[in-house]
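In our numbering, the protein residues as written are 7 to 258. For reference, the structure discussed in these notes is given below.
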């Protein structure tokens with residue numbers, strides 16, 4: 007602490023906890039709907055596809071190939087929009103590029119009634135908007151993980167339609183972020199700091215997946231759920247399931 011004032015680190019945690027509780031309360035219905043839809047996909051041995059650019063792409067990977075998570079999740083790798091690109095700043099140009107995500111989505115194994123989760127807090131860039139549009143055209147149910155507060159702030163679309171991501175979603179998971187993904191004020195620095203999209207987004211997605219598994223476990227305990235490979239027997243369990251899913255889960 008600096009005097010009686012909480013440090014920025016303490017305020018970051020306090021803000022995160024407050025937001026997580028708010029999301030748990032007011033997004034409960036939306037998360038339940040998302041979990042039910044994902045459970046339906048697993049029953050059909052189909053796929054949940056995830057897409058995002060830049061740091062949103064990290065969230066797209068959050069529930070992909072993850073211990074204690076579902077196997078039937080396909081992270082859509084978007085060349086040029088991941089943080090391993092150098093110089094990394096060109097990723098910001100790629101996510102604004104019209105036409106790219108439409109081509110990318112058309113090349114995926116997206117079938118009618120699959121679930122596609124598109125992640126973008128601002129919801130304004132061409133790539134996530136176009137991916138959502140193309141996924142819906144292919145008959146998928148689109149879930150947007152985005153900020154309705156940012157959408158309501160007057161942010162302008164960078165897509166030719168003038169729309170934002172949530173306009174193309176069948177279901178919205180609202181992460182409650184402020185514009186700029188900066189949630190902590192400092193006394194000695196005018197600019198806000200403390201990005202929180204990863205913390206909140208990961209919690210939302212993992213909560214939805216956990217609920218989907220809970221729903222399915224009421225029907226059967228024979229479920230395609232990863233066990234950590236560092237747990238004895240985990241690798242063998244995973245390999246057996248991957249062999250069973252070879253036709254449906256080519257991404258593994």
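Don't be surprised by glycine CBs; every beta carbon is placed ideally from N, CA and C.
Problem set entry | Near the ligand ADP: residue 194 beta-carbon under 7 Å from a heavy atom | Questions concerning the ligand ADP fall outside what the structure shown contains, since it holds no ligand whatsoever.
For this session: Determine, using beta carbons only, whether residue 29 and residue 210 come nearer to each other than 8 Å.
Result: In the chain shown, counting from the first residue as 1, residue 29 sits at position 23. In the chain shown, counting from the first residue as 1, residue 210 sits at position 204. In contact: residue 29 and residue 210 (Cβ atoms closer than 8 Å).
Problem set entry | Distance CB(residue 74)-CB(residue 214) smaller than 8 Å | Counted from its first residue, the chain shown places residue 74 at position 68. Counted from its first residue, the chain shown places residue 214 at position 208. Not closer than 8 Å, so no.
Exercise. Would you say the segment 93-106 touches the segment 141-157, given that touching needs at least three Cβ pairs under 8 Å?
Worked result: The answer is no - the segment 141-157 does not touch the segment 93-106, with fewer than three Cβ pairs under 8 Å.
For this session: Give the DSSP-derived three-state secondary structure of residue 60 in the structure shown.
Result: Stepping through the chain shown from its first residue, residue 60 is reached at position 54. Collapsing the DSSP output to three states places residue 60 in coil.
Exercise. Taking C-alpha atoms, which residue in 208, 212, 184 lies nearest to residue 200?
Worked result: Reading the chain shown from its first residue, position 194 is the one you call residue 200. The shortest C-alpha to C-alpha distance from residue 200 to any of 208, 212, 184 is the one to 184.
For this session: Identify every run of the beta strand (DSSP E) within the segment 168-212, keeping only runs that are complete inside it and at least 3 residues long; order them along the chain.
Result: For the segment 168-212, the full-length beta strand (DSSP E) segments reaching 3 residues or more read 177-180 along the chain.
Exercise. Rounded to a whole number of angstroms, what is the C-alpha to C-alpha distance between residue 263 and residue 126?
Worked result: Any property of residue 263 remains undetermined from this structure, which presents the chain solely from 7 to 258.
Exercise. Who are residue 76's beta bridge partners in DSSP?
Worked result: Residue mapping note: residue 76 aligns to position 70 of the chain shown, counting from 1. Residue 76 has 231 as its beta-bridge partners, per DSSP.
For this session: Give the DSSP-derived three-state secondary structure of residue 95 in the structure shown.
Result: By 1-based counting over the chain shown, the position of residue 95 is 89. In the structure shown, residue 95 falls within a coil segment according to DSSP collapsed to helix, strand and coil.
Problem set entry | Proximity to residue 229 [Cα-Cα], best of 238, 89, 248, 39 | One-based indexing of the chain shown puts residue 229 at position 223. That would be 248, whose Cα lies nearest to the Cα of residue 229.
For this session: Give a yes or no on contact between the segment 131-141 and the segment 159-177, applying the rule of three or more CB pairs nearer than 8 Å.
Result: Yes, since at least three Cβ pairs between the segment 131-141 and the segment 159-177 fall closer than 8 Å, the two stretches touch.
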